[in-house]
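Step one of this worksheet: look at the structure below.
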Amino acid sequence: MNVSPLEWAITLSVTIAILLFDIVVIGRRPHEPSKRETGIALTIYVSLAVAFGLWTYFFHGSQYGVEFFAGWLTEYSLSVDNLFVFLIIMASFNVPRKYQQQALLVGIILALIFRGIFIALGAVAINQFSWIFYVFGAFLVYTAITLVRDTDHEDDGDNFIVRFARSHLSLTEKWDGLKLWIKQDGKRLMTPMFLVIVALGTTDLLFALDSIPAIYGLTQEPYLVFTANVFALMGLRQLYFLLGDLLKRLVYLSQGLALILAFIGVKLILHALHENELPFINGGEHVPVPEIPTLASLGVIIVTLAITTAASLYKTRVHDVKREEQAAGTGEGSEESLDSR
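With this note's numbering, letter number 218 in the sequence shown gets 270, and the count goes up by one each step, no holes.
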């Protein structure tokens, strides 16, 4: 894929402009966004992503267009899973609703920075070491197994770095708007917002370890890897407020993502075998194994996400109906016992 410096410059400029617009708009008036506000913003971001994908398809070739859509959908689905942890972090730190937008925006900016670093490192590693695909593939398969085993999203963001900050920094439990620190009795104290930002930042760093190898399994073009991540993260804040409790209904999301990550992991290992240069595998020669086309990968991702969402909503709906029936039965039983008296 031939991407000119001008195209890179325009992409980076537009990304920065959108982030600055978000910062100015949100910073002007902290508030809890309405469903209409988040719906409009999310529609705009998704439309921009689709438009970019179509532009890539027609101007850079169908192969790269399909790679972008596959990468964007994968990153978006992983981002939705990340929202579970964001919800838990917000709840565990009791972040006021009107300040959650700002905290999420900072978290998204940190995610872009971390992912940008990992994208650059991944591109260098791929160009220098063909065996890195074995590492990426094995890591994704391991991550998939971990997702299947641990589906309750119990991580509350209180990781090692947050615990270190709690034990080594002077903190206050008092919220003071968006301030990260305040002065009290001549002493500088870190606010809960500081800990929230630290928790979101370190969580973003861990998420980047999963997402970057996954998308490199779908495309080896750094430009597409970067833009897919940018568009996936742009709508994350709006999705957080728009979906709200609906996220808790996606009970099979972890299993669906595990299947996608395992599939991409196997795809990476097959690609590594096809490009093999390790002397202890087939004498350092390429292994003639079939590779999975990107279009087939896109189909697997779409079908998996559709089935996962439908199955999750069906299960939670059945659970709600049973709970309502039990509640109704309990109520009737109480009335009968009163009548018998």
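Where a beta carbon is used, it is the ideal one built from N, C-alpha and C, also for glycine.
May I ask which residues mark the beginning and end of the beta strand (DSSP E) holding residue i?
| i | result |
| --- | --- |
| Q115 | First-last for Q115: 114-144, but that is the alpha helix (DSSP H), not the beta strand (DSSP E). |
Excluding the five sequence neighbours on either side, which residues of its own chain have a C-beta within less than 8 Å of the C-beta of residue i, listed in chain order?
| i | result |
| --- | --- |
| R240 | S222, W233, I234 |
| E327 | S182, F185, H338 |
| E119 | L270, T271, E273, L276, T346 |
| V200 | S306, Q307, A310 |
| G105 | G117, F120, F121, W124 |
| I333 | L325, V339 |
With a cut-off of 8 Å, does the C-beta of residue i fall near any C-beta of chain C?
| i | result |
| --- | --- |
| S144 | Protein chains in the displayed structure number just one, and chain C is not present. |
Roughly how many angstroms separate the alpha carbons of residue i and residue j, rounded to a whole number?
| i | j | result |
| --- | --- | --- |
| V395 | L157 | It is not possible to answer for residue 395, since the shown part of the chain is limited to 53 through 393. |
| K87 | G253 | 26 Å |
| T360 | M53 | 33 Å |
| R215 | F246 | 13 Å |
| D74 | E329 | 47 Å |
| G238 | D228 | 16 Å |
| T95 | F166 | 26 Å |
| I178 | I161 | 25 Å |
| A69 | V76 | 10 Å |
| L357 | Q236 | 50 Å |
| R289 | V98 | 13 Å |
| T195 | G189 | 10 Å |
| E376 | V370 | 10 Å |
| I197 | Y366 | 24 Å |
| R149 | K374 | 32 Å |
| T63 | G113 | 18 Å |
Is it true that the CB of residue j sits closer than 8 Å to the CB of residue i?
| i | j | result |
| --- | --- | --- |
| A280 | E127 | yes |
| G155 | V248 | Before going on, a small fix: residue 155 reads as Ala here, not Gly. Yes, Cβ-Cβ distance for A155 and V248 is below 8 Å. |
| G123 | T271 | yes |
| Q153 | P85 | yes |
| L394 | P265 | Past the boundaries of the shown model lies residue 394; the chain is included only from 53 to 393, so the question cannot be answered. |
| F278 | I171 | yes |
| L305 | S263 | no |
| L125 | Y292 | no |
| A251 | I141 | yes |
| G168 | Y268 | no |
To which residues does DSSP link residue i through a beta bridge?
| i | result |
| --- | --- |
| R240 | K235 |
| L247 | Answer by DSSP bridge pairing: none, since L247 is not bridged. |
| L223 | M242 |
Just to confirm my understanding: we take residue i, look at its own chain, exclude 5 residues before and 5 after, and list those with CB closer than 7 Å. What are they?
| i | result |
| --- | --- |
| T368 | R301, V303 |
| R256 | According to the sequence shown, residue 256 is Asp rather than Arg. If we look at D256 and ignore the five residues flanking it on each side, its Cβ neighbours are G159, L162, A163, F166. |
| H323 | F185, E343 |
| Y116 | M53, T108, E273, L276 |
| S131 | A284, L285, L288 |
| A101 | W124, F283 |
| A380 | none |
| G336 | E329, L330 |
Keeping to the same chain, check which residues put their C-beta closer than 6 Å to that of residue i; ignore five residues upstream and five downstream.
| i | result |
| --- | --- |
| V352 | F315 |
| P340 | none |
Please list the terminal residues of the continuous alpha helix (DSSP H) segment that includes residue i.
| i | result |
| --- | --- |
| S99 | 87-111 |
| R149 | 149-180 |
| N281 | 274-286 |
| H323 | 305-326 |
| L199 | 184-201 |
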